[in-house]
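Engineer: Residue numbers (our numbering), protein chains in the order written: chain S, 44 to 158; chain B, 85 to 198.
In structure tokens form, the structure reads like this:
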């Protein structure tokens, strides 16, 4: 299957700072990317959908000013957690899909810990 | 909300077939059934998908009932490395664009035992 890479795999940051997570599609052009969050022992929760060159569409209850998503190219999307707090500590996962393909491929996830 | 129902957990003996059921009684005619799995602390891995015909690939087989209200994922010879959470997802097509977002339910935790 296609390869989606996230960076970093894990990050620890201080409360109040911002953290950027990158998601890259390595061998295909991702017209659509998705960002998920997963708390321990829970399922993945969709945060937002982004199409290349367009503003992201956020799911209900997700603060767009806190979770900034940029999808400026067909191979890169970034999620910036602004003014992070301990409750933002979670496993963040991106997914990418090409317009012509029906399946989406996932990155390996980023473990964010806010202290 | 997720549109599928799966048992929360299942056990399977190593080397035997693992049959994971999924109910999706409200599926629409243009929605696919997708299966993904997530091994602990990793991103989900695509397994297989189908619309109405049975599908098979190198990982698994997908059996979809004729009325499409349920399906079964079959791992023909389960190994210890198949221990994971398996998600059955009905693909949502929203708006004028085909965003194809995947909404995850709680999945089935499959434990393959020696």
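Note that beta-carbon positions come from the ideal geometry of N, C-alpha and C, so glycine has one too.
Just so you know, these numbers come straight off a predicted model, no measurement behind them.
With a threshold of 16 other CB atoms inside 10 Å of the CB of residue 166 of chain B, please say whether the residue is buried or exposed.
Structural biologist: Answer is buried; the Cβ neighbour count reaches 16.
Engineer: So does the region 73-89 of chain S actually touch the region 117-126 of chain S, counting three or more Cβ pairs closer than 8 Å?
Structural biologist: At 8 Å Cβ cutoff, the stretches touch.
Engineer: Which residues, in chain order, does the region 109-130 of chain B contribute to contact with chain S at a C-beta distance below 9 Å?
Structural biologist: Against chain S - using a Cβ distance shorter than 9 Å - the residues of the region 109-130 of chain B are 116, 118, 120, 122, 125, 126, 127, 128, 129 and 130.
Engineer: So, helix, strand or coil for residue 186 of chain B, using DSSP?
Structural biologist: In the structure shown, residue 186 of chain B sits in coil (DSSP, three-state: anything other than H, G, I, E or B).
Engineer: Are residue 151 of chain S and residue 127 of chain B closer than 8 Å when you measure CB to CB?
Structural biologist: Yes; because the gap between Cβ atoms is below 8 Å, this pair is in contact.
Engineer: Taking the beta strand (DSSP E) that residue 151 of chain S belongs to, which residues open and close that run?
Structural biologist: Unbroken run through residue 151 of chain S: none, as it is neither H nor E.
Engineer: Would you kindly work out how many angstroms separate the C-alpha atoms of residue 54 of chain S and residue 66 of chain S, rounded to a whole number?
Structural biologist: Their Cα atoms are separated by approximately 15 Å.
Engineer: Does any residue of chain B bring its CB to less than 8 Å from the CB of residue 65 of chain S?
Structural biologist: Not one chain B Cβ lies under 8 Å of residue 65 of chain S.
Engineer: Under 8 Å between the Cβ atoms of residue 135 of chain S and residue 153 of chain S?
Structural biologist: Cβ distance < 8 Å, so residue 135 of chain S and residue 153 of chain S count as in contact.
Engineer: Strictly under 8 Å for the Cβ-Cβ distance: is residue 180 of chain B near chain S by that measure?
Structural biologist: For residue 180 of chain B, the pLDDT reaches just 42, beneath the cut-off of 50, and the residue's location in the model is therefore unreliable, although a value from the coordinates is still provided. Chain S, which has no Cβ nearer than 8 Å to the Cβ of residue 180 of chain B, makes this no.
Engineer: Classify residue 37 of chain B: buried if its beta carbon has 16 or more other beta carbons within 10 angstroms, exposed otherwise.
Structural biologist: The requested residue 37 of chain B is not part of the displayed model; chain B covers only 85 to 198.
Engineer: In chain B, which residues lie less than 8 Å from residue 136 of chain S when you measure between Cβ atoms?
Structural biologist: Near residue 136 of chain S (Cβ distances below 8 Å), the residues of chain B are 127 and 128.
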